[in-house]
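This report refers to the structure that appears directly beneath it.
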Amino acid sequence: MINVVVLMACHNRRETTVRCLRSLIGQGGSEVSLRVVLTDDGSTDGTAHAAREVWPDIHVLRGNGTLFWAKGMALAASAVGDYDFLLWINDDVVLDPEALSQLLRTHRSLSGRQTGNRIVVGGLRDPGTGVVTYSGVRRCSRLRPTSFSVVAPARSPVQVETMHGNLVLVPRGVVERVGQIDSGFSHGMADFDYGLRARSLGCTIWLAPKTLGTCARNSVQGQWNDSTLGIRERLRLMCAPKGLPPSSWLRFTQRHAGPMWPMYWLSPYVRLLAGSALTGIRHRVRDLAG
């Protein structure tokens with residue numbers, strides 16, 4: 013029997029979380045013992061109660077609404093108990109019926125290769141268009157160490173540099189070598205950081221064949237990179253936990269951007285301010301010309 017513990021974090025998305033939990037039912041078949049640990053980060057919409065109705069033996073941990081993804085997942089990881097694999101899953105993922113079996117088969121198919129401990133990533137598609145939304149990723153180039161491009165699943169496993177954390181199978185051996193998700197991050201970047209740290213410690217990361225479920229891409233509307241917003245609002249959102257908070261970005265660039273990390277740390281903030289200033293000049297010139 014393979015012992016898999018599912019790690020999830022949620023906040024006030026009851027129907028979304030319930031839909032994800034329902035898609036976990038029966039995953040892995042008779043060869044898998046599946047347990048779920050959920051961090052409910054201060055939900056006020058009855059998410060925890062609804063989750064227990066779908067998954068009666070779910071282990072729910074409570075947050076105060078300030079944990080967000082990285083800290084919420086780290087808290088869930090602190091309560092896993094015994095396991096062979098951890099399955100990271102975002103609560104807005106809906107799994108295909110054989111998703112977990114495919115992840116486990118992919119891991120087994122790689123066992124004969126000289127690849128050390130292996131993380132297996134599940135690619136996800138948009139529920140409407142079928143376009144790949146979250147997956148494994150590779151750096152765009154050596155000259156751009158903090159820029160990554162999505163890798164589309166193929167017919168056979170593909171090696172990648174790191175991954176989105178939406179659907180990831182992490183063997184116990186990897187956790188023993190790397191540790192758990194770093195709660196020093198506010199929200200995002202913790203998944204990319206984990207994969208990069210794992211590779212630096214001799215682990216490998218593989219993208220399973222085909223997409224294994226659906227997950228719509230987050231919209232930029234109302235976010236810090238929404239160019240229709242004013243500069244003050246964009247800066248506020250950029251520094252918020254779900255944006256590009258300076259402390260988290262500093263943590264990431266210091267670890268993964270090489271000796272030129274100060275330049276890469278400053279770059280997005282400078283680009284935002286410079287772009288806003290240029291837009292303002294263009295508007296003033298247009299007004300004077302009109």
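In terms of the working numbering, the sequence shown is residues 13 to 302. C-beta atoms are modelled at their ideal positions from N, C-alpha and C, and glycine is treated no differently.
Query: Check Val-186 in the structure and name its three-state DSSP category.; Result: helix
Query: Ignoring anything shorter than 3 residues or poking outside the segment 79-124, list the beta strand (DSSP E) runs there in chain order.; Result: 97-101
Query: Looking at His-71 and Val-49, is the spacing between their C-beta atoms short of 8 Å?; Result: yes
Query: Would you tell me roughly how many angstroms separate the C-alpha atoms of Asp-194 and Leu-181, rounded to the nearest one?; Result: 17 Å
Query: Sorted by chain position, which residues of the same chain lie with C-beta nearer than 8 Å to Val-232's C-beta, five sequence neighbours on each side aside?; Result: Asp-238
Query: Looking only at C-alpha atoms, which of Glu-43, Ala-252 and Arg-64 sits nearest to Thr-78?; Result: Ala-252
Query: Ends of the beta strand (DSSP E) at Ala-220?; Result: 216-226
Query: Look up Val-30 in the DSSP assignment and say whether it is helix, strand or coil.; Result: helix
Query: Starting from Val-143, follow the alpha helix (DSSP H) in both directions and report where the run begins and ends.; Result: Here Val-143 belongs to no alpha helix (DSSP H), and DSSP marks it neither H nor E.
Query: What did DSSP end up calling Ile-14 once you bin it into helix, strand or coil?; Result: strand
Query: Taking the CB atoms as reference points, tell me whether Ser-161 and Arg-150 lie closer together than 8 Å.; Result: yes
Query: Looking only at DSSP bridge pairs, what is Gln-171 linked to?; Result: Trp-218
Query: Quick one, which of Val-66, Ala-111 and Leu-285 has its alpha-carbon nearest Arg-6's?; Result: Nothing about residue 6 can be reported from this structure: the residues present for the chain run from 13 to 302 only.
Query: Return the chain-ordered list of same chain residues with a C-beta closer than 8 Å to the C-beta of Ile-131, the five sequence neighbours on each side being excluded.; Result: Met-175, Val-180, Leu-181, Val-182, Pro-183, Val-186, Gly-207, Ala-210, Cys-215, Thr-216, Ile-217 and Trp-218
Query: Report the three-state DSSP secondary structure of Leu-36 (helix, strand or coil).; Result: helix
Query: Take Glu-173 as the anchor and find which of Phe-204, Trp-261, Arg-167 and Pro-257 has the nearest alpha-carbon.; Result: Phe-204
Query: Classify Gly-255 as buried or exposed, calling it buried when 16 or more other Cβ atoms lie within 10 Å of its own Cβ.; Result: buried
Query: Output yes or no for whether 8 Å exceeds the beta carbon distance between Gly-134 and Gly-200.; Result: no
Query: At what residues does the alpha helix (DSSP H) containing Thr-59 begin and finish?; Result: 59-66
Query: Within the continuous alpha helix (DSSP H) that includes Ser-212, where are the two ends?; Result: 202-212
Query: What residue from Tyr-146, Gln-171 and Leu-19 has the CA that sits closest to Leu-98's CA?; Result: Leu-19
Query: Got a sec? Which residues, its chain only, sit under 7 Å from Trp-67 by beta carbon, not counting five neighbours each side?; Result: Leu-33 and Val-48
Query: In whole angstroms, give me the CA-to-CA distance for Ser-279 and Leu-46.; Result: 43 Å
Query: Answer with buried or exposed for His-295, where buried requires no fewer than 16 other C-beta atoms within 10 angstroms of its C-beta.; Result: Reliability fails at His-295, whose pLDDT of 45 lies under 50, so the model's placement of it is uncertain and the value that follows must be treated cautiously. With fewer than 16 other Cβ atoms within 10 Å, it is exposed.
Query: In chain order, what residues of the same chain have a beta carbon less than 7 Å from the beta carbon of Gly-84, not counting five sequence neighbours either side?; Result: Ala-21, Thr-51, Asp-53 and Gly-75
Query: Got a sec? Which residues, its chain only, sit under 6 Å from Ala-202 by beta carbon, not counting five neighbours each side?; Result: Ala-82, Ile-193 and Asp-194
Query: Are the beta-carbon atoms of Pro-271 and Thr-223 separated by less than 8 Å?; Result: no
Query: Note down the Cα distance separating Arg-244 from Trp-261, rounded to an integer number of angstroms.; Result: 19 Å
Query: Could you compute how far the alpha carbon of Ser-123 sits from the alpha carbon of Pro-258?; Result: 40 Å
Query: Label Asp-118 either buried or exposed according to how many other C-beta atoms from any shown protein chain fall within 10 Å of its C-beta, with 16 as the threshold for buried.; Result: First, the amino acid is wrong: residue 118 is Thr here, not Asp. Buried, by the Cβ-count rule.
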